[in-house]
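One structure is given here, and the rest of the page talks about it.
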Ligand SMILES: NC(=O)c1ccc[n+]([C@@H]2O[C@H](COP(=O)([O-])OP(=O)(O)OC[C@H]3O[C@@H](n4cnc5c(N)ncnc54)[C@H](O)[C@@H]3O)[C@@H](O)[C@H]2O)c1
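Residue numbers (the numbering used here): 6 to 393.
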């Protein structure tokens with residue numbers, strides 16, 4: 006008998022029921038600022054048990070779990086926690102600062118544990134390649150924490166590109182910025198080289214790159230001419246330091262607060278990129294994608310966090326008439342961070358690929374690494390991606 010629409014509807018509904026017969030055992034590595042968002046969203050999942058956590062700072066993991074009223078085992082490092090096989094962890098969230106992303110992820114993979122890794126993937130392209138190698142060897146998944154991917158407006162950008170409405174894409178301008186937005190509300194781990202390794206480039210630049218590269222299918226990056234500077238973060242009179250009573254942060258600032266680059270991608274596409282944690286401007290411009298059949302304007306946001314800032318506009322020609330079509334903002338059902346956690350858990354349970362896979366983010370990291378190196382050398386360089 007043929008299925009009725011109602012039967013099909015019921016099937017779709019039942020597919021969304023979460024199997025709670027086995028609870029996934031989760032550990033959290035690094036219990037700082039972003040770990041709270043992971044914890045809060047794991048707690049909403051009926052098929053998860055957060056059983057352990059660790060932090061290098063004495064007492065930090067204990068205080069973290071106390072706040073949630075959770076009985077979890079606490080450790081002083083990722084190694085200590087991952088070496089404890091009695092925990093029987095299925096997965097970990099790596100919520101450490103950028104510099105320890107790679108070592109924590111690789112150690113977890115080598116123990117046969119899936120990883121939800123916060124963005125940026127890591128600091129250097131060599132680290133990224135080591136992560137990919139360890140992932141392949143382990144047979145486990147690594148999903149990189151780009152929650153803007155789950156935004157319906159982001160998905161629409163990809164749909165528009167894939168529909169062919171833009172034709173052959175040849176030029177992209179992307180990036181964003183904040184007038185004053187160096188992230189120091191919880192200390193200096195975002196601005197010191199030993200912990201962050203990258204500044205605006207790694208923190209919010211990775212989002213801008215992902216917005217457009219994901220839409221166009223992540224072509225391989227070939228060359229880059231990059232620039233970076235630190236004119237704001239190194240000033241004791243930077244307004245946010247003054248407002249928060251921390252002019253001494255200026256001496257600790259060792260990363261970039263602005264970066265720009267011109268990148269050539271496979272398929273004869275060029276990418277014009279800029280990113281700012283601080284600048285004397287509201288926005289360095291919208292994201293634009295130019296194609297032979299149409300152009301897309303994606304409004305920027307004031308406090309750049311990788312999202313679509315307003316209705317997008319498609320510029321095209323209809324029977325010879327130059328026409329513009331507005332694409333209204335689409336509301337995403339649910340919270341992006343919860344969707345990020347849920348899609349990771351579903352991929353583990355269903356044995357499907359990571360929602361934000363490392364094979365793509367490897368190219369994102371290659372561009373970031375290339376901008377950094379090119380800026381240091383003061384000239385254009387070839388992007389070399391290590392074998393992995
Ligand atoms: N997806 C997002 O929206 C989002 C937002 C903010 C931050 N982040 C990312 O999350 C990461 C962490 O940021 P944060 O603001 O929480 O930093 P944070 O400094 O507040 O916390 C990081 C914690 O990790 C701990 N740590 C470092 N190495 C460790 C190790 N080997 N073992 C155990 N603990 C270790 C540190 O002691 C620290 O407490 C960064 O990479 C950042 O880019 C993502």
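In this text, a Cβ means the ideal position worked out from N, Cα and C, and glycines have one as well.
- Query: In chain order, what residues of the same chain have a beta carbon less than 8 Å from the beta carbon of residue 340, not counting five sequence neighbours either side?
  - Reply: 46
- Just how far apart, CA to CA, sit residue 211 and residue 373? 7 Å
- Message: Taking a contact to mean a Cβ-Cβ separation below 9 Å, would you say residue 377 touches residue 203 in this structure?
- Response: yes
- Item | Complete runs of the alpha helix (DSSP H) confined to the segment 112-178 [at least 4 residues] | 130-143, 157-168
- Quickly, what does DSSP pair residue 80 with across the bridge? List them, please. 59
- Message: Against chain D, with Cβ distances strictly below 9 Å, would residue 283 count as a contact?
- Response: Chain labels in this structure do not include chain D; a single protein chain is all it has.
- Item | Strand pairing of residue 96, partner residues [DSSP] | 31, 119
- Run through the segment 277-341 for me and flag every whole beta strand (DSSP E) of 3 or more residues, listed as ranges in chain order. 292-296, 299-303, 317-323, 326-332
- Query: Does the separation of the CB atoms of residue 99 and residue 128 fall below 9 Å?
  - Reply: no
- beta strand (DSSP E) containing residue 263: first to last residue? 263-270
- Message: Distance check for residue 149 and residue 362, CA to CA, integer angstroms please.
- Response: 7 Å
- Query: In three-state DSSP terms, what is residue 388?
  - Reply: coil
- Message: For a quick check, are the C-beta atoms of residue 285 and residue 184 less than 9 Å apart?
- Response: yes
- Message: I need the DSSP call for residue 274, collapsed to helix, strand or coil.
- Response: strand
- To which residues does DSSP link residue 53 through a beta bridge? 29
- Query: Buried or exposed: residue 235, going by 16 or more other Cβ atoms within 10 Å of its Cβ?
  - Reply: buried
- Task: Tell me whether the beta-carbon of residue 230 lies closer than 9 Å to the beta-carbon of residue 385.
- Result: yes
- Query: Quick one: is the Cβ of residue 349 within less than 8 Å of any heavy atom of ligand 1?
  - Reply: no
- Task: Can you tell me which of 42, 35, 56 puts its alpha carbon nearest to the alpha carbon of residue 29?
- Result: 56
- Near ligand 1: residue 251 beta-carbon under 8 Å from a heavy atom: no
- Query: Which term fits residue 62, buried or exposed, when burial requires 16 or more other beta carbons within 10 angstroms of its beta carbon?
  - Reply: exposed
- Message: Tell me which residues share the same chain as residue 65 and place their Cβ nearer than 8 Å to its Cβ, disregarding the 5 neighbours each side in the sequence.
- Response: 36, 37
- Looking only at C-alpha atoms, which of 115, 270, 106, 219 sits nearest to residue 131? 106
- Query: The beta strand (DSSP E) spanning residue 213 covers which residue range?
  - Reply: That residue, residue 213, is in no beta strand (DSSP E); its alpha helix (DSSP H) goes 211-220.
- Thinking C-alpha only, which one of 69, 52, 59 is nearest residue 41? 69
- DSSP on residue 229, reduced to helix/strand/coil? strand
- Report all residues from its chain with a CB closer than 7 Å to the CB of residue 75; omit the five preceding and five following residues, and keep chain order. 55
- Item | Residues sharing a beta bridge with residue 185, DSSP | 283
- Query: By DSSP, does residue 207 sit in helix, in strand, or in coil?
  - Reply: helix
- Bridge partners - residue 234, DSSP secondary structure assignment: 263
- Item | Buried versus exposed call for residue 325 [16 or more other C-beta atoms within 10 Å across all chains shown] | exposed
- Task: Return the bridge partner residues of residue 430 from the DSSP annotation.
- Result: In the structure as shown, the chain begins at 6 and stops at 393. Residue 430 is therefore absent and cannot be evaluated.
- Per-residue DSSP class, three states only, for residue 258: coil
- Message: Would you say the beta carbon of residue 34 is closer than 8 Å to some non-hydrogen atom of ligand 1?
- Response: yes
- So the alpha helix (DSSP H) residue 69 belongs to, where does it begin and stop? 65-73
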